[in-house]
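Peer 1: In my numbering, the protein residues as written are 1 to 294.
1) Where does residue 10 sit, in a helix, a strand or coil, going by DSSP?
2) Consult DSSP for residue 46 and reduce its assignment to one of helix, strand or coil.
3) In this structure, does DSSP put residue 81 in helix, strand or coil?
4) Note down the Cα distance separating residue 21 from residue 101, rounded to an integer number of angstroms.
5) Roughly how many angstroms lie between the CA atoms of residue 162 and residue 152, to the nearest whole one?
6) Using only CA atoms, which one of 211, 98, 147, 106 lies nearest to residue 180?
7) Between residue 154 and the rest of its own chain, which residues show a CB-CB distance below 7 Å, the 5 nearest in sequence each way excluded?
8) To the nearest angstrom, how far is it from the Cα of residue 247 to the Cα of residue 231?
9) Along the chain, which unbroken stretches of the alpha helix (DSSP H) at least 4 residues long are found entirely within the region 182-248?
10) At which residues does the alpha helix (DSSP H) containing residue 154 begin and terminate?
11) Suppose you measure from the CA of residue 205 to the CA of residue 68; what does that come to, to the nearest Å?
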């Protein structure tokens, strides 16, 4: 088979849907799940009901899937002009817009069904998150720091999960929410740095463009404030030494990322690698939180 024939071979629809949902790239799914797990384990003092943990896990997967599809529907004509995203199914036209809408509706129905298992406050917080998720892709067209909108969407994972345990929104939860929003703004700014040239040509906004040469400093400030809020949370909840050890490891990891962002030899592929490293940092913190309340 020639190269031309290979290029003309149609992509199986199931595989295109897997790519549309980003199930072939689990880092983005896990990084939304992490703050939800932070919240549910801290709110439950380390021992949440197993069915609730399952609902949180599958709920974040369904929500993340819906968010990916909605994003690609909005950006299909932009994605086709960006090196990193031109092979997305809707951008390369291996899936139709009609199929994309169908997949998004199925994902939202799944998320709704799982949210129905939660208490009324958590359910309505889930509903409130939908407009933020749906409108986030539009933010890059009108708002100079669209990654902040994405970070607020990430913050709903904390609100929903914490309230699913306590049926309330208390002081400690807001500390975790703030830390999550700042963490998400930091790691998504790193991710946006790989697309700066394409975004500039297309006239698309991003935090990486907004901060310009100061983007590494902005990321460092986000991560530093994340550490401060996590520390305040640790004091407020009287978490033990296990939490502080993992917070120290996280701080070292974020410091190393900041130093690497300032390296003149940074390759474009390194931004995605650093994004994925935040998944491991998040899980290390989760382990510290669980151990820290036991």
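Note that the Cβ used here is the ideal one computed from N, Cα and C, for glycine as well.
Peer 2: Checking against the coordinates, here is how it stands:
1) Here residue 10 refers to the residue found at position 10 of the chain shown. In this structure, residue 10 counts as coil in the three-state DSSP scheme.
2) As a working mapping, residue 46 is identified with position 46 in the chain shown. In this structure, residue 46 counts as coil in the three-state DSSP scheme.
3) Counted from its first residue, the chain shown places residue 81 at position 81. Note: residue 81 maps to coil in three-state DSSP.
4) Reading the chain shown from its first residue, position 21 is the one you call residue 21. Reading the chain shown from its first residue, position 101 is the one you call residue 101. Separation of residue 21 and residue 101 (C-alpha to C-alpha, rounded to the nearest whole angstrom) is 12 Å.
5) Indexing the chain shown from 1 puts residue 162 at position 162. Indexing the chain shown from 1 puts residue 152 at position 152. One C-alpha to the other measures close to 16 Å.
6) Here residue 180 corresponds to residue number 180 of the chain shown, with the count starting at 1. That would be 147, whose Cα lies nearest to the Cα of residue 180.
7) Taking the chain shown and counting its residues from 1, one reaches residue 154 at position 154. Once the five neighbours on either side are set aside, the close Cβ partners of residue 154 are 32, 35, 180, 181, 184.
8) If you number the chain shown from 1, residue 247 lands on position 247. If you number the chain shown from 1, residue 231 lands on position 231. About 8 Å.
9) 196-202, 207-211, 215-236
10) What you label residue 154 is simply residue 154 of the chain shown in a count that begins at 1. For residue 154, the uninterrupted alpha helix (DSSP H) segment begins and ends at 146-166.
11) By one-based count along the chain shown, residue 205 stands at place 205. By one-based count along the chain shown, residue 68 stands at place 68. When rounded, the distance between both Cα atoms is 18 Å.
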